[in-house]
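Numbering (the working numbering), first residue to last: 10 to 385.
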């Protein structure tokens with residue numbers, strides 16, 4: 010190759026060519042099943058598989074954004090796994106959705122997955138029939154094609170939209186772009202995904218705490234600054250994910266709730282007030298979230314402050330049962346979600362008034378709104 014390149018004058022001009030290309034296809038051979046070798050290669054193989062999968066998904070989404078097609082991520086993962094599994098019997102290197110080849114294929118007019126088959130067939134034909142001439146292709150020519158494909162892949166409107174939308178999106182875009190230039194085009198995808206995960210978990214883990222008050226018409230609404238809550242029954246609602254990612258936010262809200270209801274603490278078994286906790290909007294409870302809730306209930310129990318849980322959905326109740334948390338909660342203090350809005354909250358408030366030993370002038374009486382709350 011070097012001699013031929015010199016004869017053509019390419020070497021004198023500093024033109025580097027592809028080099029020798031073997032004029033043959035890989036043959037079938039069973040992979041070596043060596044346990045020691047498998048153990049040695051397992052960490053690197055897992056990293057390559059993860060990187061290849063992320064690259065394939067990123068490329069599929071990029072092409073789908075241009076073509077308007079809907080992609081099936083499960084099918085994409087399955088097809089890539091089967092392709093690499095089959096390739097292992099022919100000494101193939103790990104394959105993935107290439108950020109360059111796929112873009113060139115799509116920009117050339119490819120519309121279906123069959124374009125990849127035709128592309129592979131063309132490469133095989135070139136290797137078998139035109140390898141002696143293909144080895145003289147300048148690398149600069151291939152680089153120019155790749156740079157042109159990369160330039161066409163850039164959606165400037167979408168890029169500007171993401172940078173302007175939120176600081177979160179701007180950080181991800183800039184970090185991915187910098188890592189693509191400073192590190193490598195392959196690892197920039199992994200870095201972007203990792204940063205997205207790190208920045209997304211705290212956002213998903215937000216839990217909201219809302220206080221409610223009893224309206225004069227007997228309904229329940231969020232407390233405004235002008236509303237005066239009942240000094241004996243405090244109504245709060247939790248909303249958000251009840252999993253480990255929300256532990257910090259949930260713990261802070263439960264501490265705030267304990268502080269806001271400190272004046273309800275009773276003495277010698279007599280409670281001065283009750284907490285109605287609405288958990289209809291909590292989702293995906295796990296051991297960490299349930300443990301924090303358990304600690305809060307124990308803290309309130311020591312202070313002689315009953316806590317009534319209302320809006321309890323079947324999945325949350327199942328989690329409470331599996332975690333053995335139901336043993337800490339009397340059955341009459343759990344009110345399940347009802348098909349009619351706010352029914353479980355009203356039932357909990359009604360039961361709360363039956364537990365009170367004292368009421369204030371603002372509390373409903375049996376003449377008027379009392380029928381909504383007092384047991385007959």
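Don't be surprised by glycine CBs; every beta carbon is placed ideally from N, CA and C.
Within the same chain, Cβ atoms closer than 6 Å to the Cβ of residue 111 are found at 68, the five residues on either side in sequence being excluded.
DSSP places residue 229 in the strand class (E or B) of the three-state scheme. Taking a contact as a CB-CB distance under 8 Å, the pair residue 334 and residue 303 counts as one, their CB atoms being some 5 Å apart.
For the pair residue 64 and residue 124, the CB atoms are not nearer than the 8 Å cut-off. Remark: C-beta atoms of residue 116 and residue 158 approach each other more closely than 8 Å. For residue 52, the secondary structure class from DSSP, reduced to helix, strand or coil, is helix.
Nearest neighbour of residue 225 by Cα position, chosen from 236, 205, 177, turns out to be 236. Spatial neighbours of residue 205 in its own chain (CB-CB distance under 8 Å, excluding positions within 5 residues in sequence) are listed in chain order as 181. Between the alpha carbons of residue 246 and residue 50 lies a distance of about 51 Å. The beta carbon of residue 218 lies closer than 7 Å to those of 245, 247, 262, 265, 266 in the same chain, with the five residues before and after it left out.
Here residue 268 is exposed: its Cβ has fewer than 16 other Cβ atoms, across all protein chains shown, within 10 Å. Within the same chain, Cβ atoms closer than 8 Å to the Cβ of residue 39 are found at 98, the five residues on either side in sequence being excluded. With respect to residue 241, residue 365 sits close: the two C-beta atoms are nearer than 8 Å.
Counted as a single uninterrupted DSSP element, the alpha helix (DSSP H) harbouring residue 180 occupies residues 176-191.
Of the residues assessed, residue 187 falls on the exposed side of the cut-off, its CB having fewer than 16 other CB atoms within 10 angstroms. Boundaries of the beta strand (DSSP E) around residue 221: 216-223.
Contact between the stretch 128-146 and the stretch 30-45 is established, with three or more Cβ pairs separated by less than 8 Å. Distances from the CA of residue 350 to each of 127, 120, 161, 228 were compared; the closest alpha carbon is that of 228.
Taking residue 72 as the centre and dropping the five residues before and after it, the same chain places the C-beta of 111, 115 closer than 7 Å to its C-beta, in chain order. Taking residue 283 as the centre and dropping the five residues before and after it, the same chain places the C-beta of 241, 242, 243, 273, 314, 315, 316, 317, 361, 364, 365 closer than 8 Å to its C-beta, in chain order.
A straight line joining the alpha-carbon of residue 319 with that of residue 221 spans about 13 Å. The beta carbon of residue 288 sits closer than 7 Å to those of 247, 318, 320, 321, 325, all from its chain and outside the five residues before and after it, given in chain order. By the criterion of a C-beta distance shorter than 6 Å, residue 147 is surrounded in its chain by 24, 26, once the five residues flanking it on both sides are discounted.
Taken in chain order, the whole alpha helix (DSSP H) runs of length 4 or more contained in the stretch 272-324 are 296-311. Residue nearest to residue 290 within the set 305, 173, 358, 323 is 323 (criterion: CA-CA distance). Here the alpha carbons of residue 82 and residue 312 stand approximately 52 Å from one another.
In this chain, residue 243 is not harboured by any alpha helix (DSSP H); it is covered by the beta strand (DSSP E) spanning 242-250.
Using a Cβ distance threshold of 8 Å, residue 212 and residue 250 do not count as a contacting pair.
CA-CA distance, residue 253 to residue 327, rounds to 18 Å. Shown here for residue 337: same chain residues with a beta carbon closer than 8 Å to its own, the five before and five after excluded, namely 303, 306, 307, 310 in chain order. A direct Cα-to-Cα measurement between residue 201 and residue 103 gives close to 21 Å. Taking a 10 Å sphere around the C-beta of residue 358, we find 16 or more other C-beta atoms and assign the residue as buried.
Taking C-alpha positions only, residue 57 is separated from residue 198 by approximately 13 Å.
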